[in-house]
Amino acid sequence: MIEPKISDRNWQPHPDIGEAMYSFVRDLYPICRSITGNGVRETLRMVGRHIPLSIREVPTGTEVFDWTVPKEWNIRDAYIKDASGSRIVDFKNSNLHVVSYSLPVHQRISLIELKEHLVTLPEKPDWIPYRTSYYKENWGFCLRHKQYGELNEQEYEVCIDSTLEDGHLTFGEYLLEGEGPDEILISCHVCHPSLCNDNLSGIALSTMLAQHLSRCPRRYSYRFLFVPGTIGAITWLALNESNVKRIKHGLVVALVGDSGNFTYKKSRQGSADVDRAVLHVLKHSGDPYEVFEFSPYGYDERQYCSPGFNLPIGSLTRTPFGRYPEYHTSADDLELVQPGALADSLSKYLASLFVLEKNRVYANQNPKCEPQLGRRGLYREMGGFSDGKEIELAMLWVLNLSDGDHSLLDIADRAGLPFDLIEQAAGLLRKNDLLSEVSASQGADATKASIGIEGA
Amino acid sequence: MIEPKISDRNWQPHPDIGEAMYSFVRDLYPICRSITGNGVRETLRMVGRHIPLSIREVPTGTEVFDWTVPKEWNIRDAYIKDASGSRIVDFKNSNLHVVSYSLPVHQRISLIELKEHLVTLPEKPDWIPYRTSYYKENWGFCLRHKQYGELNEQEYEVCIDSTLEDGHLTFGEYLLEGEGPDEILISCHVCHPSLCNDNLSGIALSTMLAQHLSRCPRRYSYRFLFVPGTIGAITWLALNESNVKRIKHGLVVALVGDSGNFTYKKSRQGSADVDRAVLHVLKHSGDPYEVFEFSPYGYDERQYCSPGFNLPIGSLTRTPFGRYPEYHTSADDLELVQPGALADSLSKYLASLFVLEKNRVYANQNPKCEPQLGRRGLYREMGGFSDGKEIELAMLWVLNLSDGDHSLLDIADRAGLPFDLIEQAAGLLRKNDLLSEVSASQGADATKASIGIEGA
Amino acid sequence: MIEPKISDRNWQPHPDIGEAMYSFVRDLYPICRSITGNGVRETLRMVGRHIPLSIREVPTGTEVFDWTVPKEWNIRDAYIKDASGSRIVDFKNSNLHVVSYSLPVHQRISLIELKEHLVTLPEKPDWIPYRTSYYKENWGFCLRHKQYGELNEQEYEVCIDSTLEDGHLTFGEYLLEGEGPDEILISCHVCHPSLCNDNLSGIALSTMLAQHLSRCPRRYSYRFLFVPGTIGAITWLALNESNVKRIKHGLVVALVGDSGNFTYKKSRQGSADVDRAVLHVLKHSGDPYEVFEFSPYGYDERQYCSPGFNLPIGSLTRTPFGRYPEYHTSADDLELVQPGALADSLSKYLASLFVLEKNRVYANQNPKCEPQLGRRGLYREMGGFSDGKEIELAMLWVLNLSDGDHSLLDIADRAGLPFDLIEQAAGLLRKNDLLSEVSASQGADATKASIGIEGA
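Heads up: the sequence lines are chains A, B and C, in that order. Numbering (this note's numbering) for the first sequence: 868 to 1323. Numbering (this note's numbering) for the second sequence: 868 to 1323. Numbering (this note's numbering) for the third sequence: 868 to 1323.
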């Protein structure tokens, strides 16, 4: 694992950050979350210990675009007892045992009736699957297929001590203000029960990222959302429709704690600055990674990138959803997620945000021929060597392409050099009055600058 | 051979269609066709038994752009007799024996004189070549090289009982009207003598395709041309110059009966809808195929794609011309062409036209976030699985990209899903009032929609 | 080595040209050049024996953009003597022994003091490195590392009999006028001492190219520059700023005498006509070659392609700088450079300039359908063959794409045919009044014509 090299210390994660993230995951693990209810509230309260989170409660029945905020679901206990009265399936052992949003039930039933309410994973007989039934009223238990095979003909007692009543949908939001009004959105889902990678890893990363960024000088404001999947994102968009235009970049955070390679799923726009920034960081990290074009399936980028919003929001994960066997099973546990992977993920997020923060369009103030770098102490004194020094090359690239049409990220990509080096070179040139920033009204804005070099 | 799966039964070819096509090829095989004359008339008469073909006779001497309709050529008999009076080369055995458009001749000549009028294929000594001399008055015989080697010094009698006189150029045309005035042109050449793949296979496919389409609901009108190569297409274009603008898509049909892989030669425009439709069908067929960029050599796409017309017309063949050894020889016979290949070709043509017919641009009526498909019965009730169902994915793709800028074909290509599935998904969404069609005046027309997704 | 086939004899190099170039390199080899001084003057005087070169002297202190013309440096002698008085390092043996622009010095020093002024190549112990110190006043010797290892503790006498005084920067220029005012710039650097490939090969090629072109009919004017690297190009640009707009294409000539493969470094514009012309020639040469995108490091393309000029100037070399071990060492000598390679390089330059000279945009005068080439004697009389003749194909390509938007080079690239064949085809069509030239004001100019074929 090669850390993205960022010379600016503000953007380097603390060495213990992986342990801190892991410890937070461990604390959040036992809570039974769903898309509404006290599990989400307790989770957000714990996030609030680290960052000043605002909690929003939206009443059942609120219309949010094509959807309606559902009833609130809470659960205290659930079990299946055999004829001898032993709890053979017990919610207290794993909250995955209950299909999320199960209606309350308490009755005695035969094996054949029971089986209509059981879900297992025959191909993974030791794991409990995770299932939900948010929008179809029903009840059910998930259990290990091995145990399912051992069930025999007898009378069972099933009990789900849940409530499904008018209440609220709860989400958390933290706006970390920067120098300007433009925002970067960081969104994670908080609706999954005891599943570590999906998505306690994302909650931990978002929380620690917010904490870290609060100590960095920031051009952008950062909006952190901790929302239930789908309905939470839809609710937030419905309540904040008029503010959405401030969002210039964004990332959906999920699956950042496993040991797999990184995966970047592009925004619907496909070559938004956030897409280019993340891919630049991944490319120069030296680590293997995969890139996917946008598709309308996955996490809340489905909503942020719906055609009526089409926000420049991508998703940086490690192994993507559905592609690791433990996904949505009891095996997505505290062993699957590890401190090193969490820290590495945070580091990649920070490095990507560093690119977005530092990306600028400059105009070379001496555009005709090269300026004489040597007399400014920016170029080595002896000539005749077969190769240039990296920082000299970086300065030459910045000078050559700073014609008002290329951002530093364009230049870094064109030069094949790390953004950080290009940014350092720009800093040296700026100090020597060889560059001036092009404001969006004067020249191209960074978003529009193309990578290719066109004719004069 | 995997049939393109089209759920709409109108667009599925009849199981016996291959036999019917082959039988038609067999009937057409003995006729001696050329660019003018009774062979073409007889051929068109036989096409007319299947579809209501209009026959057009254009007089010799008519000026058609840079060309002039030539004299009409007809032939009754031709032979070479040896000194003993035996017909050693006989037109009655194969009409390929006579160079097409040979002047009448009847004389006794020496071997050395005779050889100046003989054409053979030394590398294929058992095959008779096919040659023409339309625009240079001459006469000649084509024969097997094996026989040529056996000729000895003696006096020969050569006789070509042909006429080359003022007359007409004949072509056939069938306009199958659709709902609107926009046309799809289907053109094949009818000037080759006893050569099955080139182009009796094309005549049979065009005829049976017209017959099939006459039973389908059609947005487009279809114009079928049965024309002599080059001069026929030029004549048609000259006589129909003002109507050419109605042609929105087109295909030149040839070489569709051999057992080789499919080959698509793109229109000069290169990414016209017809190019994308055919390539989509070939890609999803599972069969191997080749794609060629447009080149100004080949069949009548040379004329349709000349720069003054630049029509969106490609050509879907099996093995392309000049790339199979039997091309333009007596071995292009009833064995080279087979019913299965003919049926498969028709099926690919139908599938391509299905895409053009069904391609539409829609606007998602609920563009902000996803609509709740579940409450409309369009989404499964239980959540938590690792993969989506294909039709659900197809609906999400259609919703996500139906922003007025993407046609269904754009969406199918972007999603990597078969057009038919995307079209079914659009149908479900349309029924639920989630899509409305964008008319060409309101939004992008399908032709202009690009595949890439641009920024907001 | 396959010679680019150019049918026009004017553009074929003389068979003895390689020997002539090599002989010129040999004559120039002993001279001690630097960025100023008598070595440059003597070099330009020798170039002037072949072509009518104008010499320009620019005084020390002249301000040229961000730079100032430096003092003039000259050297008569230099050595290191050991305690016994023997010249152990002698400028007379190799002018590489002295760091270029060394201040005068004459003193006795200890080994430890001496070593501060010595440069060697430990990894190539038999070679003398080439070093300069143009902009930092200093003195030094370069020597074989083998000899460096043999130095022992004693008193040494060092002497550099140089002058660094106000004087001039000298460069040479030759304008070979063509039919019109548009110019092609050919630039080489003349500041390196006894180094054959870098850049006596370039001086020889530029000189002989100018001589050759003076005998060709020319649409373009050719401006040949023989300038000291960096400061010379900057000086020329500063003095000729208003004339720069006449430069339509250009090449920086260097490293054209070694036996390596060709390398083309694109202009900053990236797809300028000169880029496309050179790449067309290299592709059709059959020789292996490499292509690099523009980068702001290298020879004087750094200045010509600075953003304030952004001239369409590339660089055609053989092995690029820094990529052969002999680069900037005494091993870049009369063995590294060979007549055959020099001649081959000249031939590639000529062929590229031929493309630029002959490239035109035509409009097909008969754009609707093909014209009847046969009646003009441009098409073979008998039909039915499986392949077309190359020149016929070339004519069909020219006709099909001569719609005012495609230059002959566009057509050659699109057809995959050599430019020379396309140009011959255009000549035949022109003679038959089938093409007329599109002037820049009437239609697209060649520079803007794109390779792709867009829809009607």
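Ideal Cβ placement from N, Cα and C applies to all residues, glycine included. Quick caveat: nothing in here was measured; it's all calculated off a predicted structure.
### Message
Check whether the segment 1230-1247 of chain A and the segment 1115-1133 of chain C touch, using three or more Cβ-Cβ pairs below 8 Å as the test.
### Response
no
### Message
List, in chain order, every chain C residue whose beta-carbon is nearer than 8 Å to that of F1008/B.
### Response
Taking the first residue of the second sequence as 1, we reach residue 1008/B at position 141. The premise fails here: F1008/B is roughly 13 Å from chain C at the closest Cβ pair, so nothing lies under 8 Å.
### Query
Can you tell me whether DSSP reads G1310/A as helix, strand or coil?
Looking up residue 1310/A in the first sequence gives position 443. Bear in mind that the predicted position of G1310/A carries a pLDDT of just 42, short of 50, making it unreliable; the figure below should be weighed with that in mind. Residue state, collapsed to three classes: coil.
### Buried or exposed (CB count within 10 angstroms, at least 16 for buried), R916/C
Position 49 of the third sequence, counting from 1, holds the residue named residue 916/C. Under this definition R916/C is an exposed residue.
### Query
Which of helix, strand or coil does DSSP assign to G1099/A?
Here the question's residue 1099/A lines up with position 232 in the first sequence. Three-state result, G1099/A: helix.
### Task
Entirely within the segment 1023-1071 of chain B and at least 3 residues each: give me those beta strand (DSSP E) ranges in chain order.
1035-1043 and 1050-1056
### Query
Along the segment 1110-1144 of chain A, what residues have a CB closer than 7 Å to any CB found in chain B?
R1135, Q1136, G1137 and A1139
### Coarse secondary structure for L985/C, derived from DSSP in three states
Counted from its first residue, the third sequence places residue 985/C at position 118. In the structure shown, L985/C sits in a strand (DSSP, three-state: E or B).
### Query
G1241/A touches chain C at which residues, Cβ-Cβ below 8 Å?
Taking the first sequence and counting its residues from 1, the one referred to as residue 1241/A is at position 374. The contacting residues are Y1002 and K1003.
### Query
CB G1069/B to CB V1148/B, shorter than 7 Å?
For this step, residue 1069/B is matched to residue 202 along the second sequence. For this step, residue 1148/B is matched to residue 281 along the second sequence. No.
### Query
Does any CB atom of chain A fall closer than 7 Å to the CB of P1238/B?
Start at 1 with the first residue of the second sequence, and residue 1238/B comes out as number 371. Chain A contact via Cβ: present.
### Query
So, does the CB of M888/C fall closer than 7 Å to a CB anywhere in chain B?
In the third sequence, counting from the first residue as 1, residue 888/C sits at position 21. Cβ-Cβ to chain B under 7 Å: no for M888/C.
### Query
Along the chain, where does the beta strand (DSSP E) that runs through R954/C open and close?
The residue you call residue 954/C lines up with position 87 of the third sequence. It spans R954 to D957 - the beta strand (DSSP E) in which R954/C sits, taken as one unbroken run.
### Query
Exposed or buried, A950/A, counting other C-beta atoms within 10 Å across all chains shown (16 or more means buried)?
Along the first sequence, one-based indexing puts residue 950/A at 83. Burial call: exposed.
### Message
Can you find the residues in the same chain that come closer than 7 Å, C-beta to C-beta, to V965/A, ignoring five residues on each side of it along the sequence?
### Response
For the purposes of this step, residue 965/A is identified with residue 98 of the first sequence, where counting begins at 1. Excluding residues within five positions, the ones whose Cβ falls inside 7 Å are I942, A945, F958, F1008 and I1027.
### Task
Note down, in chain order, every chain C residue with its Cβ under 7 Å from the Cβ of I1101/B.
Your numbering for residue 1101/B matches position 234 in the second sequence. Within chain C, the residues near I1101/B are C1236.
#### Entry: Contacts of L1104/C in chain A (Cβ-Cβ under 8 Å)
Here residue 1104/C refers to the residue found at position 237 when the third sequence is read from its first residue. What L1104/C touches in chain A: K1235 and C1236.
### Contacts around S961/C, its chain only, beta-carbon distance under 8 Å, and the 5 residues preceding and following it disregarded
Walking along the third sequence from the start, residue 961/C turns up at place 94. So the list reads I995, S1061 and S1197, once near-sequence residues are dropped.
### Task
Consider the Cβ of D1211/A: report whether some Cβ of chain C lies at a distance smaller than 7 Å.
Here residue 1211/A refers to the residue found at position 344 of the first sequence. Judged by the 7 Å Cβ criterion, D1211/A is not in contact with chain C.
### Message
Output needed in chain order: residues of the segment 1254-1266 of chain B with a Cβ under 8 Å from some Cβ in chain A.
### Response
D1254, G1255, L1260, L1263, W1264 and L1266
### Task
Please list, in chain order, all residues of the same chain as P871/B whose beta carbon is under 6 Å from its beta carbon, the five residues on each side excluded.
Taking the first residue of the second sequence as 1, we reach residue 871/B at position 4. For P871/B, the predicted model reports a pLDDT of 47, less than 50, meaning its position is unreliable and no value from the coordinates is stated.
### Task
Check each candidate in G1165/C, L1092/C, K1225/C and N1177/C and name the one with the smallest Cα separation from G1189/C.
Residue 1189/C sits at position 322 when you count from the first residue of the third sequence. Taking only the C-alpha atoms, the option nearest G1189/C is G1165/C.
### Query
Under 7 Å, do M1249/B and S1000/A count as touching if we go by C-beta distance?
Position 382 of the second sequence, counted from the start, is the residue given in the question as residue 1249/B. Position 133 of the first sequence, counted from the start, is the residue given in the question as residue 1000/A. Contact: yes.
#### Entry: Beta carbon proximity, Y1412/C to chain A, threshold 7 Å
Outside the shown range of chain C, which is 868 to 1323, sits residue 1412/C, and nothing can be said about it.
### Query
Can you find a CB in chain C that lies within less than 7 Å of the CB of F932/B?
Here residue 932/B is taken as the residue at index 65 of the second sequence, counted from 1. Yes, because at least one Cβ of chain C sits closer than 7 Å to the Cβ of F932/B.
### Query
So, is R912/A buried or exposed, given that buried needs 16 or more other C-beta atoms within 10 angstroms?
Indexing the first sequence from 1 puts residue 912/A at position 45. The residue is exposed, with fewer than 16 neighbouring Cβ atoms inside 10 Å.
### Query
Mind checking I947/B: buried by the 16 CB within 10 Å criterion, or exposed?
For the purposes of this step, residue 947/B is taken as the residue at position 80 of the second sequence. With 16 or more Cβ atoms within 10 Å of its Cβ, I947/B is classed as buried.
### Task
Using the Cα positions of G1177/B and K1112/B, report the straight-line distance between them to the nearest angstrom.
The sequence position of residue 1177/B within the second sequence is 310, counting from 1. The sequence position of residue 1112/B within the second sequence is 245, counting from 1. For the record, residue 1177/B in the displayed sequence is Asn; it is not Gly. Computed Cα separation, rounded: 10 Å.
#### Entry: Between the CA atoms of L1203/B and M888/B - distance to the nearest angstrom
Here residue 888/B refers to the residue found at position 21 when the second sequence is read from its first residue. Here residue 1203/B refers to the residue found at position 336 when the second sequence is read from its first residue. M888/B and L1203/B: Cα-Cα distance of roughly 14 Å.
### Task
Would you mind giving the Cβ-Cβ distance between L1052/C and G1117/C, rounded to the nearest angstrom? I have them listed as a contact below 8 Å.
Translated into the one-based positions of the third sequence, residue 1052/C becomes position 185. Translated into the one-based positions of the third sequence, residue 1117/C becomes position 250. 3 Å between Cβ atoms; contact.
### Task
Compute the Euclidean distance between the alpha carbons of T987/A and D1272/B, then round it to the nearest angstrom.
As a working mapping, residue 987/A is identified with position 120 in the first sequence. As a working mapping, residue 1272/B is identified with position 405 in the second sequence. Going by the C-alpha atoms only, they are around 44 Å apart.
### Query
Closer than 7 Å, CB to CB, is G1175/C near chain A or not?
For the purposes of this step, residue 1175/C is taken as residue 308 along the third sequence, with counting starting at 1. So yes, G1175/C belongs to the interface.
#### Entry: Host beta strand (DSSP E) of R923/C (start-end)
The sequence position of residue 923/C within the third sequence is 56, counting from 1. First-last of the beta strand (DSSP E) with R923/C: S921 to P926.
### Task
Can you tell me which of the three DSSP states Y946/B falls into?
Your numbering for residue 946/B matches position 79 in the second sequence. Y946/B: strand per DSSP, three-state reduction.
### Message
Under 7 Å, Cβ to Cβ, is there at least one residue of chain C near D1270/A?
### Response
The count along the first sequence starts at 1 and reaches residue 1270/A at position 403. True, the Cβ-Cβ gap to chain C drops below 7 Å.
### Query
If you measure from the beta carbon of L1275/C to each beta carbon in chain B, is any gap under 7 Å?
On the third sequence, position 408 is the one that residue 1275/C refers to. No - not a single Cβ of chain B is within 7 Å of the one on L1275/C.
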